[in-house]
Amino acid sequence: MKISTNLSLTFSLLTGMIFITFGILVYLLSSNHRKEVFRDRLEDRVIVTEKLFLERDSFNDEELETIRNEFLHTLPDETEEVVEIIEGQPPLFSIEYPATVVDQINTPDFFDFEDGRRQGKGRVFQVEGKNYLILVTAIDQVGLQNLRFLRNIMIILGFVSLPILFLGSFFTSKRALTPINKKIAKANLISASNLHQRLNVYNPKDELGTMAIAFNNLLDRLEDAFEAQNSFIRNASHEIRNPLTAIMGEAEFAVSKTRTQEEYIRSLEVIIEEAEMLNSTVNNLLNLSKVDTEQGTTQKELFSFDDWFEEIKAAYDFINPSNQIEATYAFERLPEVCMVYGNKNLLKTAILNLLDNACKYSENQKVEVTISKIDPFCCVLIKDAGIGILEEDLEKIKSPFYRGDNARKVKGTGIGLSLTCKIVELHEGEIEINSKIDEGTQILVKLPLIMAL
Ligand code: ADP
419 MKISTNLSLT FSLLTGMIFI TFGILVYLLS SNHRKEVFRD RLEDRVIVTE
469 KLFLERDSFN DEELETIRNE FLHTLPDETE EVVEIIEGQP PLFSIEYPAT
519 VVDQINTPDF FDFEDGRRQG KGRVFQVEGK NYLILVTAID QVGLQNLRFL
569 RNIMIILGFV SLPILFLGSF FTSKRALTPI NKKIAKANLI SASNLHQRLN
619 VYNPKDELGT MAIAFNNLLD RLEDAFEAQN SFIRNASHEI RNPLTAIMGE
669 AEFAVSKTRT QEEYIRSLEV IIEEAEMLNS TVNNLLNLSK VDTEQGTTQK
719 ELFSFDDWFE EIKAAYDFIN PSNQIEATYA FERLPEVCMV YGNKNLLKTA
769 ILNLLDNACK YSENQKVEVT ISKIDPFCCV LIKDAGIGIL EEDLEKIKSP
819 FYRGDNARKV KGTGIGLSLT CKIVELHEGE IEINSKIDEG TQILVKLPLI
869 MAL
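Residue numbering for the sequence shown is 419 to 871, as defined by our numbering.
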């Protein structure tokens, strides 16, 4: 069901229910009030009847009839009756009354009774030691007629106003929802090919404006993500195509004519070098996507960071035997003194990348690594005296495939640092890069320290 139909139905039902409840209440209160007013009039008739009964001996029959005609029978269909109550005998009524009348004879004051539309009032009084019961009944024709009229008016008003209410609320809600429908139509036209389009914001303070702003912000983020993905694919293809072209070129060059053994060896060395580059790019890409998809599901373990770092350093010494990395620890290396909870493989990739960059961009000059505990982090500071990073590149180098202009002469894929940042982020850690061009770079990795159990 559409919101406009739903809204108008709910509104009309609610208003209809309020109207019906209100109408029933008014009807019941009016009916009660009518009865009360008529009871008062019946009470007056009882008093007059009683007086006339007491004075009946003072008048002859003709006078009595005149008085009766003048003071009694003034209410519509009025009946009055005075009967003597004799102990042990049922009263001899000339008219039929409801059974409740006899039950109320012992009531000390006036009592009321009803017989369909007819209302009655009675009272017992004593004269010369005898008990008499006066009963006066009448039909409140005017009152009942007014009540009927009120009821009919309410029913007609109900039948007429409910459809009007429904139609009124339907058109109002439709009008109120028109801008939303327009926005939906516009949003439906936005696709990957025109992701730059935005919804119009007429009043940024009302609900529609807020919704349009939120939607536009979502589109901004989507557009950025879309663009990032596109440039990622462009860069990845480029990084893969370059070594492939070099490999193919070198192979074609080698087979184009008969070469000397040295020339073949040289060609194969170039092919191996480019293939290694290709391998490293593909591995890094795979790692990058692994880190992205494994968020939250990475297997982690608790380990002593300083001992583990020794293993990493040994592994790097094997990869790059001419490195001049010097590691120092700013704390006494006792068992379980610097515990970290993380995925050893991912962290190995991250730290190896940083060590390799430090050595690579400083042409294997001295690299100082300081491991310290700065509560609540285990910190690894990697300091080199290499080419440094331009200030405007400091943030950009964290994006995949971005390489500083001054780094072009050094071989690289531009993925390592972004992968490192992702891994550190995955471990709820932080990474800070400080660098001065031609002076060197300092990279500080902070990983949450787990207190000794
Ligand atoms: P790669 O080293 O393969 O180019 P990275 O993602 O590891 O890719 O690094 C991205 C860029 O950051 C590098 O191209 C370089 O410009 C810069 N960079 C990273 N580490 C250093 C460093 N220690 N010294 C100078 N520049 C660095």
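From the three backbone atoms N, C-alpha and C, an ideal C-beta is built for every residue, glycine too.
| In whole angstroms, what separates the C-alpha of residue 607 from that of residue 859? | Taking the Cα positions, residue 607 is about 49 angstroms away from residue 859.
| message | Between the alpha carbons of residue 747 and residue 843, how many angstroms are there, rounded? | response | Cα-Cα distance, rounded: 24 angstroms.
| task | Check whether the segment 795 to 809 touches the segment 848 to 856, taking contact to mean three or more Cβ pairs, one atom from each stretch, closer than 8 angstroms. | result | Three or more pairs of CB atoms, one per stretch, sit closer than 8 angstroms, so the segment 795 to 809 contacts the segment 848 to 856.
| field | Any non-hydrogen atom of ligand 1 within 8 angstroms of residue 639 CB | value | Checking the Cβ of residue 639 against ligand 1 gives no.
| Rounded straight-line distance, which links the Cα of residue 425 to that of residue 759 | Their Cα atoms are separated by approximately 55 angstroms.
| said: Taking 8 angstroms as the cut-off, does the segment 517 to 527 touch the segment 446 to 463 (at least 3 CB pairs, one atom from each stretch)? | reply: Judged by Cβ distances under 8 angstroms, the segment 446 to 463 makes no contact with the segment 517 to 527, as fewer than three pairs qualify.
| query | What residue does the alpha helix (DSSP H) around residue 537 start on, and which one ends it? | reply | For residue 537, there is no enclosing alpha helix (DSSP H); the residue is part of the beta strand (DSSP E) that begins and ends at 536 to 545.
| said: Our contact map puts residue 762 next to residue 719 with C-beta atoms below 8 angstroms; I'd like the distance itself, whole angstroms only. | reply: About 7 angstroms; that satisfies the 8 angstroms criterion.
| said: Once the 5 residues before and after residue 644 are set aside, which same chain residues still bring their CB inside 8 angstroms of it? | reply: Close CB contacts of residue 644 within its chain, under the 8 angstroms cut and outside five residues either way in sequence, are with 610, 613 (chain order).
| said: How far does the alpha helix (DSSP H) with residue 662 in it extend, from its first residue to its last? | reply: Taken as a continuous stretch (DSSP letters only), the alpha helix (DSSP H) holding residue 662 covers 625 to 673.
| Touch test, the segment 423 to 437 against the segment 584 to 595, Cβ-Cβ under 8 angstroms, three pairs minimum | A contact exists between the segment 423 to 437 and the segment 584 to 595.
| request: Run the proximity test for residue 734: is its beta-carbon closer than 8 angstroms to any non-hydrogen atom belonging to ligand 1? | output: Checking the Cβ of residue 734 against ligand 1 gives no.
| Residues passing the C-beta test against ligand 1 heavy atoms, cut-off 5 angstroms | Result (chain order): 775, 776, 779, 804, 807, 815, 821, 822, 825, 830, 831, 832, 834, 835, 859.
| query | Is residue 748 helix, strand or coil when you go by DSSP? | reply | Residue state, collapsed to three classes: coil.
| Considering only the beta carbon of each residue, do residue 704 and residue 800 sit closer than 9 angstroms? | By the CB criterion at 9 angstroms, residue 704 and residue 800 fall outside the cutoff.
| Between 686, 440, 735, 576, which lies nearest to residue 665 when the distance is taken from Cα to Cα? | Among 686, 440, 735, 576, the Cα nearest to that of residue 665 belongs to 686.
| said: What would DSSP say about residue 530, mapped onto helix, strand or coil? | reply: Residue 530: strand per DSSP, three-state reduction.
| field | Of the residues 632, 840, 442, the one placed nearest residue 712, counting alpha carbons only | value | Here the closest residue by C-alpha is 840.
| Continuous beta strand (DSSP E) stretch holding residue 784: start and end | Looking at the DSSP string, the run of the beta strand (DSSP E) that includes residue 784 is 784 to 792.
| message | If the criterion is Cβ atoms closer than 9 angstroms, does the pair residue 563 and residue 495 meet it? | response | Between residue 563 and residue 495, the gap from beta carbon to beta carbon reaches 9 angstroms or more.
| Simplified DSSP state of residue 518, which is helix, strand or coil | Residue 518 carries a helical assignment under DSSP once its states are collapsed to helix, strand and coil.
| Of the listed residues 642, 648, 506, 600, nearest to residue 629 (C-alpha basis) | Answer by Cα proximity: 600.
| query | When the Cα of residue 444 is compared with those of 566, 743, 790, which residue comes out closest? | reply | When only C-alpha atoms are compared, the closest one is 566.
| request: Go ahead and pull the three-state DSSP assignment for residue 885. | output: The requested residue 885 is not part of the displayed model; the chain covers only 419 to 871.
| Helix, strand or coil at residue 866 according to DSSP, with G and I counted as helix | Under the three-state reduction of DSSP output, residue 866 falls in the strand class.
| field | Own chain residues within Cβ distance below 6 angstroms of residue 616, not counting five before or after | value | Closer than 6 angstroms at Cβ, skipping near neighbours: 634.
| query | In whole angstroms, what separates the C-alpha of residue 594 from that of residue 572? | reply | Their Cα atoms are separated by approximately 31 angstroms.
| query | DSSP three-state call for residue 802: helix, strand or coil? | reply | Residue 802: strand per DSSP, three-state reduction.
| message | For the pair the segment 768 to 788 and the segment 735 to 743, tell me if three or more CB-CB distances fall below 8 angstroms. | response | Flag = yes, the segment 768 to 788 and the segment 735 to 743 touch.
| request: Would you list the residues sitting across from residue 511 in a DSSP beta bridge? | output: Beta-bridge partners of residue 511 (DSSP): none assigned.
| said: Check for me: the beta strand (DSSP E) holding residue 819 runs from which residue to which? | reply: For residue 819, no beta strand (DSSP E) encloses it, and the DSSP letter there is neither H nor E.
| task | Under 8 angstroms Cβ to Cβ from residue 781, same chain only, skipping five residues before and after it: list those, please. | result | The residues 804, in chain order, have a CB closer than 8 angstroms to that of residue 781 in the same chain once the five nearest residues on each side in sequence are set aside.
| field | Between the CA atoms of residue 749 and residue 648 - distance to the nearest angstrom | value | Rounded to whole angstroms, the gap between the alpha carbons of residue 648 and residue 749 is 46 angstroms.
| request: With DSSP collapsed to three states, give me the class of residue 442. | output: The answer is helix: DSSP assigns residue 442 an H, G or I state.
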